[in-house]
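Residues in the sequence shown are numbered consecutively from 144, following my numbering. Here's the structure, in structure tokens; my notes come after.
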Amino acid sequence: MLNYFKIFSRTCGFKPHQNSLAQCFRALSSSSSKYSQGAPVTPVPEITEKYPHLKTHKDIYDFSLENPSEFWGEIAKSYLQWMEPFHTVSNCDLPNGKISWFEGGKLNASVNCVDRHMRSIPDQTALIWERDEPGTEQRITYRQLYDQVGRLASALLQHGVRRGDRVAIYMPTSPAAAVAMLACARIGAVHSVVFAGFSAQALASRVLDAGAETIITSDQAVRGGKVIELKRIVDDAVRECPSVKRVFVATRTGAEVPRSGIDIPMEEAMEAAPAECEPAAMDAEDFLYMLYTSGSTGKPKGLVHSVAGYLLYCMFTQKQVFDLRPGDVFGCVADIGWITGHSHVVYGPLATGGTAIMFESTPVYPDPGRYWEMVQRLRPTHFYGAPTALRLLLKHGDSWVTKYDRSSLRVLGCVGEPLNHEAWQWYNDVVGDKRCSVIDTWWQTETGGVCLAPRPSAEGAEIRPGMPMRPMYGIEPVLLDEKNNEISGEDVMGALCLKRPWPGMARTIYGSHQRYVETYLKPMPGYYFTGDGAHRHPGGYYQITGRMDDVINVTGHRLGTAEVEDVMDEYEPVAETAVVGFPHELKGEGLYAFIIMKNDVTVTDQEVKDTLKGLIRNNIAGYAVPDHMLIVPGLPKTRSGKIMRRILRKIAANQPDDLGDISTLQDPSIVEQIVQLHRQQVQ
Ligand code: WTA
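This is the structure in structure tokens:
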């Protein structure tokens, strides 16, 4: 385990700023004396007032595991507005895939996200639409949101959409998209947001799988100054989907776009419909939405989330993980096409009565200062983004950040992949001026909300770089070995599993409950298997080592590709790396590193490789030194910014003719360039 000790000593080499959050809390909390030393950063009064013997974060965490019905029951009563109360908090049989929370309860998600705030804070901004062109933002209040959701919900009903129907939403990140999601929720239709960067073919396969009769789209989308012909793409998809009966078309640019007989102009339909629409009384376990995500098999899975459990977990994590307070402006730059956009652009911020930014653009439009110029202009308290974007921006230099005022920021979050040390430090030091909490959140489309994050925690508890650290209330992470035995102790690695059901977990894969059970519940019976590996450090802190399929076994040593990448990313001239395994005659598996250099680097390729080998040898071990290192101009990334490692693995294994579908990549042409370099330098 020597290598992991070394990594550990690296991770605790410097202390981030532990006191800022605690100080903020003390300043803002009206009852700060109640939460003395050791109390939670964000209080949980729903629990501590009823159970006054629970005083510390640890007390509350332990209680959430030992008494899940009491814990989640109290939170659910307090957080959600119910039409009818639930009678049973939890009725789950995890091994057999029966997950059921809050049985007997009836509620409506749109009422929880809109109506109750329309009554209490009608003029508060609900959504700030940060449109592609900087400085053209638009604000929409809870009163306006209520009006629009009601009108679209009425229009959906008038045009024949019914409770339980699936509705595909293919729109840019915009209030119109949020209105579409909430209007579906209002009438009990199940929305399926498809990322508006996907091709017609990808859209069609999702529409068909869901059996959707309705699509809601926009005339066009605008992103990074480029126009995307959304309606045209929808028309192409519809040709392959005989089930589609109607296409609502919202106006984004107002351009002339092709029309077809099943089109319904969305704004006209809304104007003709009443603003009041009776919300459907949904059962707690009814489907709120489905969202497709990639699986190892290549066929996307439509993960289904429930009305009550999802909404509750999403709200609770929004508040606890991000220490949300009245008046906060939550700046999550995710696209609504991904789970982060669902939970932290739409449902989480709105259900908690917050103000959310909806970011339509890209991190580098019109220049690499875009995020921070937006921060100066809109003054968010939170910024929540992706490590891949941070690494990209880091490459462009600090002045793009420092020239803008970022003093409104209090919490900096990230999600989606490991936040390597260099990026963590840059985020903390440069973006956050060393005074914000950096919150690395680990979760999945399947988990509905954050499961591991540095917060909530005891007041003033340390935050360590490069790891999400602590479990959320009600979440019990465990590590399993190859024989499915729980690994105890600290400084150990294994398959990350969650030991008990939680309200936010996906309930099924649409149309294939068996696949759900086989993917997540059968591999390690009795546990939810995340597909990720993790390292439990001293202190019980979790670090994600990468997908289990990215864990490599070199000469009998298990090695997370993310760990090797982390070491290489710390070398100044390197912008980004991806490491994959390939079959190796002697070692079992060998390591292949793809490396992108920063612009204007003066060192030679050979110097870079030699330095990296030394660093890896010193930081991990000799066996972790890659067999091949290839300096490349870019990496094959999906439109959400994830590296498609399957392609790199094929190239590393000398099978570049068998790359499968690469059409969903941001830039498919990069693949050919990498293959050429591989042929010239490695093969
Ligand atoms: C990875 C995104 C390391 C992980 C909300 C997970 C992370 C997958 C982190 C889910 C993190 C997410 N550190 N890895 N903080 N967060 N991942 O479904 O492999 O798009 O299983 O959900 O992203 O991706 P998904």
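Where is the CB? At the ideal position from N, CA and C, for every residue including glycine. Nothing here was measured: the structure is a model prediction, and the numbers come from that model.
Cβ shell of residue i (< 6 angstroms), same chain only, five flanking positions each side left out
i	result
V621	E629, C640, K642
A499	L270, F473, V488, P492
K780	I786, Q809
V463	It should be noted that the sequence gives Gln, not Val, for residue 463. These residues qualify, in order along the chain: T185, P599.
R658	I652
Inter-residue CB distance, residue i and residue j (contact presumed, cutoff 8 angstroms)
i	j	result
Q301	M413	Contact doesn't hold; Cβ gap of about 10 angstroms is too wide.
A339	P315	5 angstroms
P776	K741	That belief does not hold up - the Cβ atoms of P776 and K741 are roughly 12 angstroms apart, past 8 angstroms.
A424	A451	Their Cβ separation, rounded to whole angstroms, is 12 angstroms, which puts A424 and A451 out of contact at 8 angstroms.
L555	V573	Actually they do not touch by this definition, with Cβ atoms about 11 angstroms apart.
Y547	V581	No, Y547 and V581 are not in contact; Cβ-Cβ is about 19 angstroms, not under 8 angstroms.
Y714	P769	Not quite, the Cβ-Cβ distance comes to about 13 angstroms (not below 8 angstroms), so this is no contact.
R366	T505	6 angstroms
G248	W215	12 angstroms between Cβ atoms; not a contact.
Contact test: residue i Cβ vs the ligand WTA heavy atom, cutoff 7 angstroms
i	result
E560	yes
T747	no
W481	yes
T360	no
W585	yes
P611	yes
G470	no
R690	yes
T460	no
T720	no
I687	yes
D466	no
G674	yes
T185	no
T394	no
T436	yes
T588	yes
Helix, strand or coil at residue i [DSSP, three-state]
i	result
E602	coil
W481	coil
M324	helix
I312	strand
M501	strand
A393	strand
T191	helix
G303	coil
E560	coil
V593	coil
T199	coil
C475	strand
V775	coil
V526	Here residue 526 is Phe; the residue named in the question, Val, does not match the sequence. Here F526 sits in strand by DSSP.
Y178	Low per-residue confidence applies at Y178: pLDDT is 32, beneath 50, and the placement is therefore not dependable enough to give any value.
G331	coil
S173	Confidence at S173 is low in this model, with a pLDDT of 31, below 50, so the placement of that residue should be treated as unreliable; the coordinate-derived value is given next. In this structure, S173 counts as coil in the three-state DSSP scheme.
V621	strand
T531	helix
Which residues DSSP lists as bridging residue i, in chain order
i	result
A721	F737
G445	Y435
P408	V392
F430	S449
L454	DSSP lists no partner for L454.
T781	L808
V581	L555
Q816	DSSP output for Q816 lists no bridge partner at all.
Contacting residues, own chain, Cβ-Cβ under 8 angstroms from residue i (five flanking each side not counted)
i	result
M691	A638, G674, D675, G676
P417	G293, R294, S297
E280	I271, W272, E273, R274, R520, L521
Q824	L773
D308	A332, V333, A355, E356, T357
Cβ neighbours of residue i in the same chain (closer than 7 angstroms, five flanking residues each side left out)
i	result
Q686	G609, M610, A677, H678, H680
K193	E217
D624	I630, G637
G496	H260, I264
R402	none
T284	P265, D266, Q267, T268, A269
P422	N251, S253, V254, R329
Proximity test, residue i beta-carbon vs the ligand SAM heavy atom, cut-off 7 angstroms
i	result
I407	Because the ligand SAM does not appear in the structure shown, any question about it cannot be addressed here, the ligands present being the ligand WTA.
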